[in-house]
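>
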DNA sequence: CAACGCTATTGACGGTCGTTCAATACCGTC
DNA sequence: GACGGTATTGAACGACCGTCAATAGCGTTG
């Protein structure tokens with residue numbers, strides 16, 4: 007073994023989380039052994055249990071980090087027209103997935119396959135993204151010139167905006183894996199157009 | 007222990023798969039121990055390894071069963087107008103998720119969180135659902151009176167139909183967990199309307 | 001009806017992996 | 001240069017996955 011390396015707790019935590027994000031993007035959680043992780047990070051197994059209570063806690067911390075990164079990076083700009091803010095947020099989202107495919111994969115994979123805890127983190131992240139749309143549209147006082155449809159906050163519209171979010175997630179992931187000749191501007195246009203499209207069938211309240 | 011029960015291989019396989027579907031809908035794969043499964047089924051651990059080579063193979067078989075169930079149940083009727091066939095298939099899908107939430111959950115969870123193998127099974131199932139839409143629309147020779155838009159088979163349109171499929175999956179799962187006052191007919195109308203909506207931004211070929 | 005054969009089923013064993021904890025080594029401080 | 005705090009280790013333990021020869025149920029045959 008090489009000589010032991012001593013780091014500050016914060017550095018070590020970040021290092022281990024980074025390794026976790028990378029490994030969990032390609033391996034499922036039961037394919038990832040603590041031995042593998044410890045060897046890649048150049049530490050002993052015991053150290054991981056010092057920083058994270060157990061394997062589940064570690065997994066949760068990895069997913070949490072990925073979710074926080076996503077929410078932070080895709081924060082819409084504070085100023086500008088609702089349309090522009092939404093477009094900027096959407097583009098930031100696509101760019102994030104392109105640049106950070108591993109992190110995003112481990113978030114999605116971990117969330118769907120794992121604990122109730124993990125799914126809750128994932129739902130929180132998605133809820134944050136969805137809320138932004140209602141906040142952005144809410145500026146227009148119910149009728150949003152951007153979307154071209156009336157967007158009021160009903161269970162049905164929430165359901166479909168949530169669905170649009172799922173669609174966006176799936177389409178972007180598929181596009182990153184294989185663009186198939188579709189350009190990024192076309193992708194953004196299609197996704198943006200799909201939001202009013204998804205809302206077109208929502209019955210009017212009352 | 008109670009006296010041992012002898013079954014035919016097919017019965018035993020079905021029983022074990024049924025237990026697997028149920029347990030994997032609420033537990034992640036690393037939370038599910040062979041001991042737990044064996045105890046619930048009233049068998050020894052060894053028997054499971056007799057029928058399925060190992061834990062991964064068993065998980066694969068469970069996901070495969072759920073996928074086959076889904077594809078079979080949602081097969082569109084062979085006759086009728088494209089619109090009616092699509093609507094029937096969509097309603098069958100919703101009914102399947104309602105009636106078989108556990109099976110569907112274990113399919114989705116297993117697929118997203120698991121192996122490349124598991125994801126491939128899931129992609130196959132989704133691909134089968136997506137293909138139906140193009141087949142149904144193909145009857146109209148490119149222009150589909152049902153959807154109200156031109157549906158030609160391009161990478162971009164494939165991407166968005168796939169996205170609509172992801173939206174449908176997510177919306178239906180959320181609706182089953184909490185209908186929030188949305189009726190089933192409304193749900194079906196919204197989802198049906200969302201398909202042309204999702205395609206509205208697809209650029210025309212050439 | 002009794003012996004037999006086929007095969008579904010078991011239970012104990014070995015190895016891997018998650019988890020714990022007392023011991024150790026590095027670093028700043030006095 | 002000794003000391004104290006703490007990041008880090010490595011051995012030990014238990015749980016769980018996977019294997020295999022032995023066993024028991026059920027149909028068959030004379």
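Chains as they are written, first to last, in my numbering: chain A, 7 to 212; chain B, 7 to 212.
Beta carbons are placed, not taken as given, at the ideal position from N, Cα and C, and that holds for glycine.
Since this is a predicted model, take the numbers as computed values, not measurements.
#1: Between the beta-carbon of residue 96 of chain B and the beta-carbon of residue 198 of chain B, is there less than 8 Å?
#2: Using the Cα positions of residue 179 of chain B and residue 12 of chain A, report the straight-line distance between them to the nearest angstrom.
#3: Per DSSP, what kind of secondary structure is residue 200 of chain B in: helix, strand or coil?
#4: Quick one: using the 10 Å Cβ neighbour count with 16 as the cut-off for buried, is residue 27 of chain B buried or exposed?
#5: Would you say residue 210 of chain B faces chain A, with C-beta separation under 8 Å as the test?
#6: The stretch 191 to 208 of chain B: which residues have C-beta closer than 9 Å to a C-beta of chain A, in chain order?
#7: So if I threshold CB-CB distances at 7 Å, which residues from the stretch 39 to 68 of chain B count as touching chain A?
#8: Show which residues of chain A have a CB atom less than 7 Å away from the CB atom of residue 115 of chain B.
#9: Taking CB distances under 8 Å as the criterion, tell me whether residue 34 of chain B reaches chain A.
#10: Under DSSP, the alpha helix (DSSP H) around residue 14 of chain A begins and ends at which residues?
#11: Contact check, residue 82 of chain B vs residue 91 of chain B under 8 Å by CB: the rounded distance?
#12: Does residue 157 of chain B come out as helix, strand or coil in the three-state DSSP assignment?
#13: Can you give the Cα-Cα distance for residue 160 of chain B and residue 183 of chain A, rounded to whole angstroms?
#14: Give me the chain B residues within the contact set of residue 138 of chain A, using Cβ-Cβ distance strictly less than 8 Å, ordered along the chain.
#15: Counting only the same chain and skipping the five closest in sequence on each side, list residues whose C-beta sits under 7 Å from that of residue 50 of chain A.
#16: Give the residues of chain B in contact with residue 133 of chain A, contact being defined as C-beta atoms less than 9 Å apart.
#17: Find the residues of chain B that neighbour residue 103 of chain A, judging by a C-beta separation of less than 7 Å, and give them in chain order.
#18: If you count every other CB in all the chains shown that lies within 10 Å of the CB of residue 16 of chain A, and 16 or more means buried, which is it?
#19: Using a Cβ cut-off of 8 Å (strictly closer), state whether residue 96 of chain A contacts chain B.
#20: Compare the Cα-Cα distances from residue 177 of chain B to each of A:137, A:37, A:22 and A:165 and report the closest residue.
#21: Starting from the Cα of residue 131 of chain A, find the closest Cα among A:89, A:175, A:187 and A:107 and give me that residue.
#22: Once the 5 residues before and after residue 38 of chain B are set aside, which same chain residues still bring their CB inside 7 Å of it?
#23: Closest by CA to residue 35 of chain A, which one among B:170, B:116 and B:137?
#24: What does residue 161 of chain B reach in chain A if we use C-beta pairs closer than 7 Å?
#25: Shortest alpha-carbon distance to residue 133 of chain B belongs to which of B:79, B:103, B:119 and B:168?
#26: Could you check which residue in B:23, B:56 and B:18 has the C-alpha nearest to that of residue 74 of chain B?
#27: Please classify residue 85 of chain B as buried or exposed, where buried requires at least 16 neighbouring CB atoms within 10 angstroms.
#28: Taking the beta carbon of residue 121 of chain A as the centre, do at least 16 other beta carbons fall within 10 Å, making it buried, or is it exposed?
#29: Please tell me whether residue 193 of chain B and residue 100 of chain B are closer than 8 Å, where the distance is taken between their beta carbons.
#30: What is the rounded straight-line gap between the Cα of residue 68 of chain A and the Cα of residue 20 of chain A?
#31: In chain B, which residues lie less than 7 Å from residue 78 of chain A when you measure between Cβ atoms?
#32: So residue 24 of chain A contacts chain B; which residues on that side make the cut at Cβ distance below 8 Å?
#33: Could you tell me whether the Cβ atoms of residue 80 of chain A and residue 102 of chain A are closer together than 8 Å?
#34: So residue 87 of chain A is in the alpha helix (DSSP H); what residue range does that whole segment cover?
#35: Assign residue 149 of chain B to one of two classes, buried (16 or more other C-beta atoms within 10 Å of its C-beta) or exposed (fewer than that).
#36: Just checking my contact of residue 173 of chain A with residue 172 of chain B at CB under 8 Å: how many whole Å lie between their CB atoms?
The short version:
#1: The Cβ-Cβ distance between residue 96 of chain B and residue 198 of chain B falls below 8 Å.
#2: Cα to Cα, the separation comes out at about 47 Å.
#3: Helix at residue 200 of chain B.
#4: Buried, by the Cβ-count rule.
#5: With 8 Å as the cut-off, residue 210 of chain B does not count as an interface residue toward chain A.
#6: Against chain A - using a Cβ distance shorter than 9 Å - the residues of the stretch 191 to 208 of chain B are 192, 193, 195, 196, 197, 198, 199, 200, 201, 202, 203, 204, 205, 206, 207 and 208.
#7: Taking 7 Å as the cut-off between beta carbons, none of the residues of the stretch 39 to 68 of chain B comes near chain A.
#8: Within 7 Å of the CB of residue 115 of chain B, the CB atoms of chain A belong to 118 and 119, in sequence order along the chain.
#9: It does; some Cβ of chain A falls within 8 Å.
#10: That residue, residue 14 of chain A, is in no alpha helix (DSSP H); it is neither H nor E in DSSP.
#11: Yes, residue 82 of chain B and residue 91 of chain B are in contact; Cβ-Cβ is about 4 Å, under 8 Å.
#12: In the structure shown, residue 157 of chain B sits in coil (DSSP, three-state: anything other than H, G, I, E or B).
#13: Whole-angstrom Cα-Cα distance: 17 Å.
#14: Within chain B, no residue comes near residue 138 of chain A; the closest Cβ sits about 18 Å away, beyond 8 Å.
#15: Excluding residues up to 5 positions away in sequence, 44 lie with their Cβ nearer than 7 Å to the Cβ of residue 50 of chain A in the same chain.
#16: The contact set of residue 133 of chain A on chain B, defined by CB atoms closer than 9 Å, is empty, because the minimum CB distance reaches about 11 Å.
#17: Result: empty, since nearest Cβ-Cβ is about 14 Å, beyond 7 Å.
#18: Its Cβ having fewer than 16 others within 10 Å, residue 16 of chain A is exposed.
#19: Closer than 8 Å: no.
#20: Each of A:137, A:37, A:22 and A:165 was checked against the Cα of residue 177 of chain B, and the nearest Cα belongs to A:165.
#21: Minimum Cα distance to residue 131 of chain A is reached at A:175.
#22: Answer for residue 38 of chain B: 29 and 30, listed in chain order.
#23: Ranking the options by Cα distance to residue 35 of chain A, first place goes to B:116.
#24: Within chain A, the residues near residue 161 of chain B are 186, 187 and 188.
#25: Here the closest residue by C-alpha is B:168.
#26: Of the listed residues, the one whose Cα sits closest to residue 74 of chain B is B:23.
#27: So residue 85 of chain B ends up on the exposed side.
#28: By the neighbour-count rule (16 or more Cβ atoms within 10 Å), residue 121 of chain A is buried.
#29: In contact: residue 193 of chain B and residue 100 of chain B (Cβ atoms closer than 8 Å).
#30: If I take the Cα positions, the gap works out to 10 Å.
#31: Simply none; closest approach about 23 Å.
#32: Chain order gives no chain B residues near residue 24 of chain A, where near means a beta carbon separation below 8 Å; the closest approach is about 21 Å.
#33: Their beta carbons are under 8 Å apart, which means residue 80 of chain A touches residue 102 of chain A by this criterion.
#34: For residue 87 of chain A, no alpha helix (DSSP H) encloses it, and the DSSP letter there is neither H nor E.
#35: Confidence is the limiting factor: at residue 149 of chain B the pLDDT is only 48, short of 50, which leaves the residue's position unreliable and the question unanswerable from this model.
#36: Yes, they are in contact, since the Cβ atoms of residue 173 of chain A and residue 172 of chain B sit about 5 Å apart, within 8 Å.
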